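Just so it is clear: in the sequence shown, position 229 is 221 by my numbering, and no numbers are missing.
Idealized CB from N, CA, C, for every residue including glycine.
Computed from a predicted model, the values in this text were never measured in an experiment.
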Amino acid sequence: MQGLTSHTDTFARDNLPPSEQWPEFHLHSFDYPERLNVAVELTDRMVAEGHGDRVALIGNGRSRTYKELSDWTSRLAHALVSDLNLQPGNRVLIRSANNPAMVACWLAATKAGAVVVNTMPMLRAAELEPIVNMAEISHVLCDTRLMDEVTAFAPANEFVNYVVGFDGTSNHDAELDRLALEKPVKFKSVQTCRDDVALLGFTSGTTGKPKATMHFHRDLLIIADGYAKEVLGVTPEDVFVGSPPLAFTFGLGGLAVFPLRFGATATLLETASPPNMIEIIEKYRATICFTAPTAYRAMLAAMEEGADLSSLRAAVSAGETLPAPVYNDWMEKTGKPMLDGIGATELLHIFISNRLDDHRPACTGKPVSGYEAKIIDDEGNTVPAGVVGRLAVRGPTGCRYLADERQLNYVRDGWNITGDSFVQDEDGYLKFAARNDDMIISGGYNIAGPEVEAALLAHEYVAECAVVAAPDEERGAVVQAHIVLKDSIVRSDKTTSELQGHVKAVIAPYKYPRSVVYCDALPKTQTGKIQRYLLKQNA
């Protein structure tokens, strides 16, 4: 199934799942040459095509052009190879917040033929070392401000040979920066192959042993030449902003691969709070935003106070399903749609989405070009339109876990089984119901938590909410709503009755939350996903 490889260290290829366990790949729309290095395509190729003077990256108060990025990554690649003995196929872990230096290190290591593992600054030594051991990582590149957690385990680790710091600020005053300073700006990048592994994306699962998803050089271009081109229509005039960490494939695509593929500009924020994103949008007239529904609610409130977000032409919602009230409020306020979609680390990025000219509230849309989707029951049979079932997807990207028996659970009969419950209507539009393990069975009824959440969010009292199942002796489980009220609203039995009555009035009465818990804030991951498992633990 695979062609040539340029990796002298063949660990990644050796640990791919057996080809018979792969999903079917539909690549007819994505024809790339046998020799392909994605970092070259995003840097040197862009300069050759005339984008050298355009701004590629903005971060920490400084802008870098495509020519500067090309030179910078080449110098870093020289340092990795000549000073740190990096070999094609070696695994390189990068630890950093979202900043231009992290992007440069990723591109440099990729130019040198490495397999990169990007990680978040939130991770601690106890979380980093299992990743290092699973991927047998030989090189760790770390923002010097975040070195403590690395030095806590790396010196005694059997796989790590090199730990080197880089300066994530604009000063370029750390060991890797100094090694690269006098290196040539031309680097003969490794002629990796289109199906050489370029990236290991560790899943952001909340419990259990992490899984490493394996992505090829071609995959990183496919998500740009598919979703970013078709759905977003990216041009060199676009300016990107967003909150997802570059350590996650969603953030790497939306804040690095997509803009760099089309000569656009990426703005990178180490702390991507709504106020910080608003400041960037206003300052640089950003056009495409990637963030979670909760952040968009904050932006809507900021617009009421005078924030100017009129430059945004595409607001991509991620991290959580997009509640209809948020979509409707955004449409009313801006006249532009908010694009809901669904992706997975296993498939690298978004594979079902609304379009700028074809969008609906409480709807995930239709498959991105090259992908197909169906809704199946537990036995793998396609269910009729209007019936909730499991989402199955296949297309040009798909799941390949690093040496993990869970491959057999995710891929069945050539399809990726994403773990989501969906329903498809007669016109082919797909609507998210819940994660398969988030469906609430109460008194014999199947209740999708997101539907109850959307009903609650439509009430003027509610700032945020999350719905989970709470054990109940009589019903097996009941719907429990964890609610953050708006500032002026008092927590009381009267408020609870008001909210319960509202839900009964807008959706089927049996779906109302029989248990209501008020809280100051909901637990979330750095990507904005609500950590429902924490709420379930206390239910």
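Checklist entry - To which residues does DSSP link C534 through a beta bridge? => result Given a span of -7 to 531 for the chain in the structure shown, any question on residue 534 remains unanswerable.
Checklist entry - Does DSSP classify Y510 as helix, strand or coil? => result In the structure shown, Y510 falls within a strand segment according to DSSP collapsed to helix, strand and coil.
Checklist entry - Any idea if Y393 is buried or exposed, counting beta-carbon neighbours within 10 angstroms, 16 or more meaning buried? => result Label assigned to Y393: buried.
Item to check | Under the three-state DSSP convention, the category E456 falls into | outcome: Strand at E456.
Checklist entry - Along the chain, where does the alpha helix (DSSP H) that runs through Y154 open and close? => result First-last for Y154: 154 to 158, but that is the beta strand (DSSP E), not the alpha helix (DSSP H).
Item to check | Local Cβ density within 10 Å of Y437, reported as buried at 16 or more and exposed below that | outcome: The residue in question, Y437, is exposed, as its Cβ has fewer than 16 Cβ neighbours within 10 Å.
Checklist entry - Tell me which same chain residues have a C-beta within less than 6 Å of the C-beta of E33, skipping the five on either side of it? => result Counting only residues of its own chain and dropping the five nearest sequence neighbours on each side, E33 has no CB closer than 6 Å to any other CB.
Next on the checklist: Need the endpoints of the beta strand (DSSP E) that Y550 sits in, please.
Outcome noted: Outside the displayed range of the chain (-7 to 531) lies residue 550, so it cannot be described from this structure.
Checklist entry - Using a Cβ-Cβ cut-off of 6 Å (strictly less than) and excluding sequence neighbours within five positions of Y154, which residues of its own chain qualify? => result Correct list, in chain order: L76, H131.
Checklist entry - What separation, rounded to the nearest whole angstrom, lies between the Cα atoms of V223 and A513? => result Whole-angstrom Cα-Cα distance: 33 Å.
Next on the checklist: Within a Cβ cutoff of 7 Å, which residues of the same chain sit near N91, ignoring the five residues on either side of it in sequence?
Outcome noted: Counting only residues of its own chain and dropping the five nearest sequence neighbours on each side, N91 has a CB closer than 7 Å to the CB of G51, N52, G160, L260, E262.
Checklist entry - Straight-line CA distance for V108 to T102? => result Linking V108 to T102 through their CA atoms gives a straight-line distance of about 7 Å.
Checklist entry - Is H341 closer than 8 Å to Y219 when the C-beta atoms are compared? => result Result yes, Cβ atoms of Y219 and H341 sit closer than 8 Å.
Checklist entry - DSSP beta-bridge partners for K516? => result I522, per the DSSP bridge assignment.
Checklist entry - Does the distance from the C-beta atom of D124 to that of C134 stay below 8 Å? => result Asp is not the amino acid found at residue 124; the sequence shown has Val there. The beta carbons of V124 and C134 sit no closer together than 8 Å.
Next on the checklist: For a test of the three-state rule: what should DSSP assign to N7, helix, strand or coil?
Outcome noted: Residue state, collapsed to three classes: coil.
Item to check | Beta carbon of T257 nearer than 8 Å to that of V459 | outcome: It is not a contact, given that the beta carbons lie outside the stated cut-off.
Next on the checklist: If I measure Cβ to Cβ from G44 and keep anything under 8 Å in the same chain, skipping five residues before and after, which residues do I get?
Outcome noted: Excluding sequence neighbours, G44 sits near M38, T57, Y58, K59, S62.
Checklist entry - Using the rule of at least 16 other Cβ atoms within 10 Å of the residue's Cβ for burial, across every protein chain shown, is L400 buried or exposed? => result With fewer than 16 Cβ atoms within 10 Å of its Cβ, L400 is classed as exposed.
Item to check | Span separating the alpha-carbon of T198 from that of P442 | outcome: Any reading at T198 needs caution, since the residue's pLDDT is 40, under 50, leaving its predicted position unreliable; the model's value is listed next. Taking the straight line joining both Cα atoms gives about 19 Å.
Checklist entry - Under three-state DSSP, which class holds E262? => result Coil.
Next on the checklist: Strictly by DSSP, which residues pair up with T374?
Outcome noted: DSSP output for T374 lists I368 as bridge partner(s).
Checklist entry - In three-state terms, what does DSSP make of H207? => result Three-state DSSP puts H207 in a strand.
Checklist entry - Nearest to Y288 by CA position, among S74, V233, T184, P251, is which residue? => result Comparing Cα-Cα distances from Y288 to each of S74, V233, T184, P251, the minimum goes to V233.
Checklist entry - Hey, out of L85, L301, I129, A100, whose CA is closest to M112's CA? => result That would be L85, whose Cα lies nearest to the Cα of M112.
Checklist entry - Can you tell me the Cα-Cα spacing of L99 and I475, whole angstroms? => result When rounded, the distance between both Cα atoms is 42 Å.
Item to check | Residue environment, N536, which counts as buried when at least 16 other CB atoms sit within 10 Å | outcome: Any property of residue 536 remains undetermined from this structure, which presents the chain solely from -7 to 531.
Checklist entry - What residue range is occupied by the uninterrupted beta strand (DSSP E) comprising N110? => result If you look at N110, you'll find it in the beta strand (DSSP E) that goes 107 to 111.
Checklist entry - On the three-pair Cβ rule with 8 Å, is the segment 367 to 378 touching the segment 323 to 343? => result As far as the Cβ criterion goes, the segment 367 to 378 does not touch the segment 323 to 343, which means the pair count is below three.
Checklist entry - By Cβ distance below 6 Å, which residues in the same chain neighbour V308 in space, the five residues on each side in sequence not counted? => result If we look at V308 and ignore the five residues flanking it on each side, its Cβ neighbours are F282, L331.
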